[in-house]
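J.: Numbering of the first sequence is given in our numbering, commencing with residue 1060 and proceeding in unit increments. Encoded as structure tokens, here's the structure I'll be asking about.
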Amino acid sequence: MPEPKTFPKALRLRSPQQFANVYASGIYAADQTLVINLLANGLTTSRMGLSIPKLSGDAPTRNKWKRYCREAFRLQQHDLPVGIDFVVRPRKGAKPVADSVADSLKALLCRGASKLEAGS
RNA sequence: AUGGUGGACCGGAUGGUCGCUGGUUCAUUUUAUGAACGAGAGGAAAGUCCGGGCUUCACAGAGCACGAUGGUCGGUAACACCGACCGGCCGUAAGGUCAGGGAUAGUGCAACAGAAAGUAAACCGCCCGCUUGCGGGUAAGGGUGAAACGGUGAGGUAAGAGCUCACCAGCAUGUCAGGUGACUGAUGUGGCUAGGCAAACCCCAUUGGAAGCAAGGCCAAGCAGGAAAGAAGAUGGUUUACCAUCCGGGAGUAGCUCGCUCUCGUCGAUUUCCGGGUAGGCUGCUUGAGGUGGCAAGCAAUUGUCGUCCUAGAUGAAUGACCAUCGUCACUUCGGUGAUGACAGAACCCGGCUUAUGGUCCACCGCUCUC
RNA sequence: CGGGGCGUAGCGCAGCCUGGUUAGCGCGUCUGGUUUGGGACCAGAAGGUCGUGAGUUCGAAUCCCACCGCCCCGA
């Protein structure tokens, strides 16, 4: 029986306070596609927040970013490190492509998790 | 076939798997979780350029100021929108386009050139006089300019001139006919010339209260106040606390004045400055000038009536990903292969306008060729 | 949702309100002079769709309208 690949509200960051905490940690990882800020949350699951600025493009383009990021997290969530709050934002100038977003998310989270352990 | 003009429509369809948002029902039931069912971006959702609905501000009352609109008639909840018609301009035409009221209400503007740029004016020229350079007459001719105070002909004269006359153009004004009207057609009179720019100020007519769903209403939670400035009282009723009138101060009526409302008059309204708390939930929130089909009225915009349908409500913010079949397009070795797009994403809701953009169809016009 | 401002030479600005004759100023660039050479200095030159498109006017950077881009406020 495979684990359910859902994405309810409990797996999202929803308040300005949560976002501020993540940014305050100062730990991040980046590549050609994405930039991710991380913070250990002490829970058994990871939670994702999205920050798509106006510079990323017009409204349809920003929607694409959000949907690709959510899809990437939903489908891969059981292969990713747990107990992390993180905020995803697109790299300046990058184009929203589904495959590269998924690869980038996984690689950056693994890298960020090891950084968190090293820091603590 | 080719070039053009105007208009209408569409914005892929069906099924499956995994997700997301909110709705209804059921189950567990403290929050919540699960299951089933059915719903889930646009023609422009955009720009925010107009007009409304709705809500609040307490009165929306007057005058001034400020803004908007500007052919006529109609449509509409309303408009700067739409329809029909009238007039000017552009186009061979189909058609397009126009802030399209007023220049004898007033003030103003016109560089350079040119003699002169607006109650006209004499540079050259023409004519007369005296005389070798001036005085007078003259707007027919030259030249300048975007624009120069009507055109043609005849009379007239020293030379000329609407100086006079005829016709034409144009202006003002009256009558008749048609039209609801803008206006059109015909005709008379006047005086011979009145120029352009009001997207220059302005005048005229019509019209506009302001702010916006972060409006507004309800609930929960939470905190701490301090400093400075600061007006004028009087009379009457009279159970020393209120009421009434006058006077004065302040606030509101997002410009000013009046008016109106509220409030205070030393036990201190109010204003300014510093500091402190909250940034949660519910509601407004989707059934509406609503869509769609028939019939009727109207040239049309649109309206009436009957039937039928219920069709997004998010809030770190849903509407997505993959697969199959069909459709469409491109390439093609006719087996297939590839693409499935362009502009673009609801945030209180409608009516328009503007801008962006892929395609299909229809009607009409010009030219050439063929039958 | 509401309000305001800007766009002119490579850069920073003026001119716009009140339309007109060659669209100016500073820095920078180029050429020449001066110097052994450079800098500084002196002389001269080049460089402009006035954001885009329509309109009003004889004439538009200027007035009017629409659009594009950028910036800043308020709730």
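The beta-carbon is built from N, C-alpha and C at its ideal position, and this holds for glycine as well.
#1: If you follow the beta strand (DSSP E) that R1071 is in, where does it begin and where does it stop?
#2: Along the chain, which unbroken stretches of the alpha helix (DSSP H) at least 4 residues long are found entirely within the segment 1078–1160?
#3: Please classify K1151 as buried or exposed, where buried requires at least 16 neighbouring CB atoms within 10 angstroms.
#4: Please name the residue in K1123, F1145 and Q1135 whose C-alpha comes closest to that of I1086.
#5: By DSSP, does P1061 sit in helix, in strand, or in coil?
T.: Quick answer:
#1: Per DSSP, R1071 belongs to no beta strand (DSSP E) and is neither H nor E.
#2: 1118–1135
#3: exposed
#4: F1145
#5: Annotation note: pLDDT 48 at P1061 (below 50); position unreliable, no value reported.
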